[in-house]
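Have a look at the structure below, then the notes.
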Amino acid sequence: MGRSNLTTVVAFAFLATLLVMLPETVSAKRYIVGGSMGWAPNYNYTLWAANQTFYLGDWLCILRYLWLDTPQLAIDR
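In mature numbering (1 follows the signal peptide of the UniProt record, and there is no 0), the protein residues as written are -28 to -1, 1 to 49.
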C-alpha cells in the first residue's frame, strides 16, 4: 500500500508541475500599439516598442478608430 501511495504522489506532483508551466508556454499576448494612447500622429513608437518584450505568437494591434476595422499583425518570426 505504501508504494502505491508514493507512486500516486509522484504522479500528482508531476502533473501539477506540468499544469503550472503550461499556461506560460502557450499564452500569446495582444499588444495595442502605443499602449493606452493607441495609434496617434507624432508619437514615438520606437520608444514604446523598446519598453515591450514580444514573443512568438503575440499580436500587435493598431487601434486607430474604435468604429473601424482594427488591423492586426501576428509575430511569427
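Backbone N, C-alpha and C fix where the C-beta goes; we use that ideal spot for every residue, glycine too.
Using a Cβ-Cβ cut-off of 6 angstroms (strictly less than) and excluding sequence neighbours within five positions of residue i, which residues of its own chain qualify?
i        : result
lysine 1 : Asp30
Specify the secondary structure class of residue i as computed by DSSP and reduced to three states.
i             : result
tryptophan 20 : helix
leucine -7    : helix
leucine 35    : coil
Residues in its own chain within less than 8 angstroms of residue i by CB, not counting five upstream and five downstream?
i             : result
tryptophan 11 : Val5, Ile34, Leu35, Arg36
methionine 9  : Tyr15
Excluding the five sequence neighbours on either side, which residues of its own chain have a C-beta within less than 7 angstroms of the C-beta of residue i, listed in chain order?
i           : result
alanine -13 : none
Using a Cβ distance threshold of 8 angstroms, determine whether the segment 2 to 15 contacts the segment 26 to 33, with at least three qualifying pairs required.
yes
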